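Contents: one structure, followed by commentary.
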Amino acid sequence: RLLQGDVGSGKTLVAFMALLIAVEAKGQGVLMAPTEILARQHLEGLQPLAEAAGVSLALLTGRDKGKDRLAKLQALHTGLTDILIGTHAVFQSDVAFCDLRLVVVDEQHRFGVRQRLELGRKGDRPDVLVMTATPIPRTLALTAYGDMDITRLIGKPAGRKPVETRVMPLEKLHQIVDALERAVSQGKRAYWVCPLVEESDFIDKTAAEARFSTLQARFGPKVGLVHGRMKGPEKDAVMAQFKNGELSILVSTTVIEVGVDVPEASIMIIENAERFGLAQLHQLRGRVGRGTDASSCVLVYDGVLGEIAAARLKIMRETEDGFI
């Protein structure tokens, strides 16, 4: 079954309730996410609910090595672990379940067909629930030809406010930073997304590391940096600082694109927005507007916009619905 729900609509909770049904039937479940940041966030969010229900959760990622990994695999194989949460690590050949009944794939468009099949083979024809917020062409093709039932999750949790989206040229960067300074002084938190990790000789676009340096010069220790080349513990530490309010601004690449949930963050600035696709822009904007504060998203473009890029940013400004 394909569960389609817009960003922030509550797909994870629906998935967890389905996993609990599998456990209640004396089976096991697995939830696979595309990034370690998202997998760890799922664990943190679901752990209190699992403890209240008397269900055991475990996390398996590429970071697990040696004795720790063996202990987790043993607990899974003997049935001590009810629900496994993890990244691509969960479908590796040495991962064996006691009785896998339900496979949940979060952000299914980030995985290959074979990867999902590998995970499905870990049990005796387990049920499969795939989830997405972005109905990109492959998802639509899967729906049409993949013999997949569809459930749509309409609406968002109570209290969510629409995200105000603006499109601005890069030459107004000083205005954006001034406004950001006012917002940070009021205790607000912001994401600043760049398309590259470091400057490239071939692509003349501002990179995350360069933007981090310029913002750090203005805001000091309130700015953090996270990107895919960092080691897991480094990323965890920065994300934790942003989540608990030690950092006010998080500069990142698209590593925070899917699922990252910090309700206190209410500002999203996407630099070189003309270089991102609609699905990516929609996912990135979905990182804000998750709390009770009014949220805003600024799409910053560089140079003269082409016809397609202009149309893309216009759509983002005019609608929040990912299924139009």
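Remember, the numbering used here sits 120 above the position in the sequence shown when you count from 1.
Where a beta carbon is used, it is the ideal one built from N, C-alpha and C, also for glycine.
Because the structure is a prediction, the values reported are computed rather than measured.
Query, Result
"Can you pull the DSSP bridge partners for L204?", "V150 and A178"
"What does the alpha-carbon distance come out to for the pair V420 and E391?", "5 Å"
"Would a C-beta distance cut-off of 7 Å place T457 and M436 closer than the cut-off?", "This structure gives no information on residue 457, because the portion of the chain shown stretches from 121 to 444."
"Return the CA-CA distance between L204 and Q235, expressed in angstroms with no decimal places.", "16 Å"
"Starting from G344, follow its DSSP beta bridges and name the residues at the other end.", "L370"
"Near A393, what residues of its chain come up, given a Cβ to Cβ distance below 7 Å and the 5 sequence neighbours on each side ignored?", "L401, L419, V420, Y421 and L433"
"Over the uninterrupted beta strand (DSSP E) stretch that includes Q124, give me the two end residues.", "L122 to G125"
"Looking only at C-alpha atoms, which of C314, G147 and I376 sits nearest to S176?", "G147"
"Where P289 and T374 are concerned, what is the direct C-alpha to C-alpha distance, given to the nearest angstrom?", "20 Å"
"If we ignore side chains and look at the alpha-carbon of each, how far apart do F332 and A357 end up?", "17 Å"
"In angstroms, rounded to a whole number, what distance separates the CA positions of Q161 and V408?", "16 Å"
"Go ahead and label P353 buried or exposed: buried means 16 or more other beta carbons lie within 10 angstroms of its beta carbon, across all protein chains shown.", "exposed"
"Am I right that A310 and I369 are in contact with their C-beta atoms under 8 Å? What's the rounded C-beta distance?", "5 Å"
"Report yes if the C-beta distance between G406 and G128 is below 7 Å; otherwise report no.", "yes"
"Would I141 be called buried (16 or more neighbouring beta carbons within 10 Å of its own) or exposed?", "exposed"
"Is the CB-CB distance between R121 and L249 below 7 Å?", "yes"
"Taking only three categories from DSSP, how would you classify A327?", "coil"
"Roughly how many whole angstroms lie between the Cα atoms of L239 and V210?", "7 Å"
"Are the beta-carbon atoms of K242 and F217 separated by less than 7 Å?", "yes"
"Less than 7 Å separating the beta-carbons of S154 and E227?", "Inspection of the sequence shows that residue 154 is occupied by Pro rather than by Ser. Yes, they are a contact pair."
"From the DSSP output, in three-state form, read off R221 for me.", "strand"
"Taking the C-alpha atoms as reference points, what is the distance between M152 and V223?", "8 Å"
"With a cut-off of 8 Å on the beta carbons, I'd call I387 and S415 a contact; round off their distance for me.", "7 Å"
"Could you check what DSSP says for P246 in three-state terms: helix, strand or coil?", "coil"
"Specify the secondary structure class of T271 as computed by DSSP and reduced to three states.", "strand"
"To the nearest whole angstrom, what separates the beta carbons of A328 and L345, a pair I think is in contact under 8 Å?", "6 Å"
"For a test of the three-state rule: what should DSSP assign to T132, helix, strand or coil?", "helix"
"Distance, Cα to Cα, L179 vs E384?", "25 Å"
"Would you identify the three-state DSSP class for S305, choosing helix, strand or coil?", "helix"
"What residue range does the beta strand (DSSP E) around R286 cover?", "V283 to P289"
"I'd like the list of long-range same chain contacts for M268, defined as Cβ closer than 8 Å, with 5 residues on each side in sequence excluded.", "R121, L122, V250 and L262"
"Are the beta-carbon atoms of A159 and T207 separated by less than 7 Å?", "yes"
"Just the Cα atoms here: how many angstroms apart are D298 and G130?", "34 Å"
"In chain order, what residues of the same chain lie with their CB nearer than 8 Å to the CB of G279, ignoring the 5 residues before and after it?", "T412"
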